[in-house]
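Student: This is the structure I have questions about; it appears just below.
There are 2 protein chains.
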Amino acid sequence: MKIVRPTLLLDEKRCRANIRRMVEKARRNHVSLRPHFKTHQSQEIGRWFREEGVTACTVSSVQMAAYFEADGWKDITVAFPLNPLEVDEINRMAGSIKLNLAIVSADGLRQMLPGLKQKVSCFIEIDTGYGRSGVPANDTSTIDELLSVISASPLLNFQGFLTHAGQSYSCRSGPEIIKVHQQTTALMKKLAAKYRPTNPDLVVSVGDTPTCSAASDFNEVQEIRPGNFVFYDLMQRGIGSCTNENIAIALACPVVAVYPSRNEVIIHGGGVHLSKDFLRQDDGSLMFGQAVRLTENGWSLPTGMILKSLSQEHGVLKVSPEDMATIQPGMVLGILPVHSCMTADVMGEYFTLSGQRISMMTKPGFTKAS
Amino acid sequence: MKIVRPTLLLDEKRCRANIRRMVEKARRNHVSLRPHFKTHQSQEIGRWFREEGVTACTVSSVQMAAYFEADGWKDITVAFPLNPLEVDEINRMAGSIKLNLAIVSADGLRQMLPGLKQKVSCFIEIDTGYGRSGVPANDTSTIDELLSVISASPLLNFQGFLTHAGQSYSCRSGPEIIKVHQQTTALMKKLAAKYRPTNPDLVVSVGDTPTCSAASDFNEVQEIRPGNFVFYDLMQRGIGSCTNENIAIALACPVVAVYPSRNEVIIHGGGVHLSKDFLRQDDGSLMFGQAVRLTENGWSLPTGMILKSLSQEHGVLKVSPEDMATIQPGMVLGILPVHSCMTADVMGEYFTLSGQRISMMTKPGFTKAS
Numbered sequence: 001m002k003i004v005r006p007t008l009l010l011d012e013k014r015c016r017a018n019i020r021r022m023v024e025k026a027r028r029n030h031v032s033l034r035p036h037f038k039t040h041q042s043q044e045i046g047r048w049f050r051e052e053g054v055t056a057c058t059v060s061s062v063q064m065a066a067y068f069e070a071d072g073w074k075d076i077t078v079a080f081p082l083n084p085l086e087v088d089e090i091n092r093m094a095g096s097i098k099l100n101l102a103i104v105s106a107d108g109l110r111q112m113l114p115g116l117k118q119k120v121s122c123f124i125e126i127d128t129g130y131g132r133s134g135v136p137a138n139d140t141s142t143i144d145e146l147l148s149v150i151s152a153s154p155l156l157n158f159q160g161f162l163t164h165a166g167q168s169y170s171c172r173s174g175p176e177i178i179k180v181h182q183q184t185t186a187l188m189k190k191l192a193a194k195y196r197p198t199n200p201d202l203v204v205s206v207g208d209t210p211t212c213s214a215a216s217d218f219n220e221v222q223e224i225r226p227g228n229f230v231f232y233d234l235m236q237r238g239i240g241s242c243t244n245e246n247i248a249i250a251l252a253c254p255v256v257a258v259y260p261s262r263n264e265v266i267i268h269g270g271g272v273h274l275s276k277d278f279l280r281q282d283d284g285s286l287m288f289g290q291a292v293r294l295t296e297n298g299w300s301l302p303t304g305m306i307l308k309s310l311s312q313e314h315g316v317l318k319v320s321p322e323d324m325a326t327i328q329p330g331m332v333l334g335i336l337p338v339h340s341c342m343t344a345d346v347m348g349e350y351f352t353l354s355g356q357r358i359s360m361m362t363k364p365g366f367t368k369a370s
Numbered sequence: 371m372k373i374v375r376p377t378l379l380l381d382e383k384r385c386r387a388n389i390r391r392m393v394e395k396a397r398r399n400h401v402s403l404r405p406h407f408k409t410h411q412s413q414e415i416g417r418w419f420r421e422e423g424v425t426a427c428t429v430s431s432v433q434m435a436a437y438f439e440a441d442g443w444k445d446i447t448v449a450f451p452l453n454p455l456e457v458d459e460i461n462r463m464a465g466s467i468k469l470n471l472a473i474v475s476a477d478g479l480r481q482m483l484p485g486l487k488q489k490v491s492c493f494i495e496i497d498t499g500y501g502r503s504g505v506p507a508n509d510t511s512t513i514d515e516l517l518s519v520i521s522a523s524p525l526l527n528f529q530g531f532l533t534h535a536g537q538s539y540s541c542r543s544g545p546e547i548i549k550v551h552q553q554t555t556a557l558m559k560k561l562a563a564k565y566r567p568t569n570p571d572l573v574v575s576v577g578d579t580p581t582c583s584a585a586s587d588f589n590e591v592q593e594i595r596p597g598n599f600v601f602y603d604l605m606q607r608g609i610g611s612c613t614n615e616n617i618a619i620a621l622a623c624p625v626v627a628v629y630p631s632r633n634e635v636i637i638h639g640g641g642v643h644l645s646k647d648f649l650r651q652d653d654g655s656l657m658f659g660q661a662v663r664l665t666e667n668g669w670s671l672p673t674g675m676i677l678k679s680l681s682q683e684h685g686v687l688k689v690s691p692e693d694m695a696t697i698q699p700g701m702v703l704g705i706l707p708v709h710s711c712m713t714a715d716v717m718g719e720y721f722t723l724s725g726q727r728i729s730m731m732t733k734p735g736f737t738k739a740s
């Protein structure tokens, strides 16, 4: 493959190994794996999961559910607070697949009900400490209110409790992640104990890549929903969820200018290719990506070349004099992304190392088609 | 127009007024306006410029040049350092339009030459203090080297000096912007004085929205290339380039959850809709956008509701108790973006206030078509 412009490379072998590892872990622990597809947003990569026996998935929007429904997925959870304005599309899908919604608000649910025409399953989203969305785990009066609205409607079926322990993203080691995992599952276990007597089939669903990568004990959890593990990235490496060898995507970027006097290299690779997510390094400086050398079979281990800033299309790499001596305009370097979900979203397509194009859900394109 | 999911609204009237104001300013100052189209990335919005008499434009990639060439633009500057790997596409376009390249490196230029088959114009990019790309303004030996490579090739035509005073983005008032503008133009004027005797048609081209918005004196400048002014945004408002009434895009976001106990509202509107660019407020907190109320004819002045954090699809608004009392799931709020270029890029389409869809260059889509 001849690379002439920023191109998102996907190491299919690493990606399939990441998928297989999580599938096997779920099997070993007798939990269902309902992977989050918001990271890859690709029907083709979804099929790689299917080849490993996965039959249910998670998405972050109703639109994304429709995209995967169109490729034959029959059991999809929208792990984003119900938006009652989307009832028409919910009706359309729920007529042909098992559609599971995340409920956080009785108001939102009541607003949807007059328009609802099909049976849907409801997870109540629980906030186990992340503080973003969901009912606080100790707020059983709101949970009871939601359960009474759900049980009063013949179209709503209570499925269980769902949480996203996003606080695991501030961890910096395996033991720290395990601590978050234990706190989260303890809260979910307590809820399950309270509500299982009246809801024997209640499912406890947890999901975030750090805890699902690091934990080896999922007692009282019936389902896990990690997503980022399909590619991993520098953020996950920093958290302690993966190694360099697990990272399955890299952005190929042409070098366009070298500035030896300031030890900087300019690449074609900016915010519209990588997104603007960054990590703060130990010395306080920002990192928007880390360079690798492209090889015949993929890419090298990370180099010391750090992407220190991004504009719309420019990336500025900080480079040692030794590395600088090896770099000139016309070369192509790889950049490991800080946050692979966001990088994939802005790039909109992948190329495998053998040059095969892997398509993604394109937002406006999909709007047009639907 | 019924809005059910994150939708990028474009106030066409404000946008056309922004265009007209800059066209008139350029005319008044006898400088050519070559607007940067990387902000809107839309053939349709490009035509609004054409209706005001604009016939030349600036883009940030060879791919984007091809997108606007396809809509009849015949004079396009790629204001990004030449990437010699793109010589095939450069040849294709330069055969039918006036294509102007930005040169920063003799190495890069020499690498392209063996493959070059068509005449192209060359701007030498000058670094007037931003410190990103370009030849430092005082490095006349590199400029001389570039000029000798250019003049040795019958296919290269020296056009002039181009700079982007990106340092204007750290300004916080009109007078500060004017100071950057004066420093930049003084450096460019000095260069022009040195090289005009041997290059009488030399063009001095400057371009960034803050200086082009604030300045009223463009002496010794022949061309301006602002881009962001077509929409403006919260960053430009903070710099002092525009008022709230000039901001021409807002992201419509459904409210999905309210948390009165912590004064927070969750909207469907995250990093995949707004990008992750942020501003730091006076109290040190981050702002990823500011809410407006949607009205019949557009949107209100900014409210005190501030977008304090973003994940992939969630946005968290900090809201006063008074505002909180007026907000419930199922409502749609508008969000003024921090950085309109990045928001437009991730959204990939606009809708005018009357519901007309305005298309954009979609990266993978365009790759397929070309």
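Line order of the protein sequences matches chains P and C.
FYI, the numbering used here numbers position 206 of the first sequence as 206, with every residue one higher than the one before it.
FYI, the numbering used here numbers position 86 of the second sequence as 456, with every residue one higher than the one before it.
From the three backbone atoms N, C-alpha and C, an ideal C-beta is built for every residue, glycine too.
Nothing here was measured: the structure is a model prediction, and the numbers come from that model.
1. Give a yes or no on whether the C-beta atoms belonging to residue 324/P and residue 306/P are separated by under 7 Å.
2. Taking the alpha-carbon positions, what's the residue 601/C to residue 200/P distance?
3. Helix, strand or coil for residue 524/C per DSSP?
4. When you compare the region 82 to 101 of chain P with the region 126 to 145 of chain P, are there three or more beta-carbon pairs, one atom per stretch, that lie closer than 8 Å?
5. Thinking just about the alpha-carbon of each residue, which of 668/C, 689/C and 539/C is nearest to the one in residue 723/C?
6. Identify each residue in the region 384 to 403 of chain C for which the Cβ-Cβ distance to at least one residue of chain P is less than 7 Å, and report them in chain order.
7. Does the beta carbon of residue 40/P come closer than 7 Å to any beta carbon on chain C?
8. Check whether the Cβ of residue 12/P lies closer than 7 Å to any Cβ atom in chain C.
9. In this structure, does DSSP put residue 10/P in helix, strand or coil?
10. Specify whether the region 376 to 386 of chain C and the region 704 to 717 of chain C touch according to this definition: at least 3 beta carbon pairs, one from each stretch, less than 8 Å apart.
11. Touching or not, the region 610 to 627 of chain C and the region 417 to 425 of chain C, by the rule of three or more beta carbon pairs under 8 Å?
12. Alpha carbon to alpha carbon, how far is residue 486/C from residue 523/C?
13. Any heavy atom of the ligand GDP closer than 6 Å to the beta-carbon of residue 616/C?
14. So what does DSSP say about residue 575/C, is it helix, strand or coil?
15. CB residue 544/C to CB residue 584/C, shorter than 7 Å?
16. Would you list the residues sitting across from residue 443/C in a DSSP beta bridge?
17. Start and end of the alpha helix (DSSP H) containing residue 554/C?
18. Listing by chain order, which chain C residues have their CB less than 8 Å from the CB of residue 80/P?
19. For chain P, find out if any of its Cβ atoms is closer than 7 Å to the Cβ of residue 497/C; answer yes or no.
20. What number of angstroms, rounded off, separates the C-alpha of residue 260/P from the C-alpha of residue 319/P?
21. When you compare the CB positions of residue 255/P and residue 358/P, do they come within less than 7 Å of one another, or not?
22. Counting only beta-carbon separations shorter than 7 Å, does residue 540/C have a partner in chain P?
23. Kindly give me the distance between the Cβ atoms of residue 80/P and residue 61/P, rounded to whole angstroms, as I take these residues to be in contact under 8 Å.
24. In angstroms, rounded to a whole number, what distance separates the CA positions of residue 244/P and residue 302/P?
25. Do we get a CB-CB distance below 7 Å when we pair residue 511/C with the residues of chain P?
26. Between residue 706/C and residue 651/C, is the Cβ-Cβ spacing less than 7 Å?
27. Scan the region 422 to 502 of chain C and note each continuous beta strand (DSSP E) run of 3 residues or more that stays entirely inside, going in chain order.
28. In angstroms with no decimal places, state the Cα-to-Cα distance between residue 251/P and residue 440/C.
29. Could you say which of 520/C, 470/C and 385/C lies nearest to residue 490/C if we only look at CA atoms?
30. What are the boundary residues of the alpha helix (DSSP H) that includes residue 660/C?
31. Can you give the Cα-Cα distance for residue 361/P and residue 468/C, rounded to whole angstroms?
32. I need the straight-line Cα distance from residue 112/P to residue 315/P, nearest angstrom please.
33. Out of curiosity, what's the CA-to-CA distance linking residue 381/C and residue 472/C?
34. Report the neighbours of residue 405/C on chain P: residues whose CB is nearer than 9 Å to its CB, in chain order.
35. Whole angstroms is fine: what's the gap from residue 478/C's alpha carbon to residue 2/P's?
36. Please report the straight-line C-alpha distance between residue 195/P and residue 206/P, rounded to a whole angstrom.
Tutor: According to the structure shown:
1. no
2. 55 Å
3. coil
4. no
5. 668/C
6. none
7. no
8. no
9. strand
10. yes
11. no
12. 10 Å
13. Ligands displayed in this structure: none; no statement on the ligand GDP is therefore possible.
14. strand
15. yes
16. BP columns for residue 443/C are empty, so no partner.
17. 544 to 565
18. 626, 638, 683 and 684
19. no
20. 9 Å
21. no
22. no
23. 6 Å
24. 7 Å
25. no
26. no
27. 427 to 429, 445 to 451, 468 to 473 and 490 to 497
28. 27 Å
29. 470/C
30. Here residue 660/C belongs to no alpha helix (DSSP H); instead the beta strand (DSSP E) covers 659 to 665.
31. 35 Å
32. 45 Å
33. 33 Å
34. Simply none; closest approach about 15 Å.
35. 18 Å
36. 17 Å
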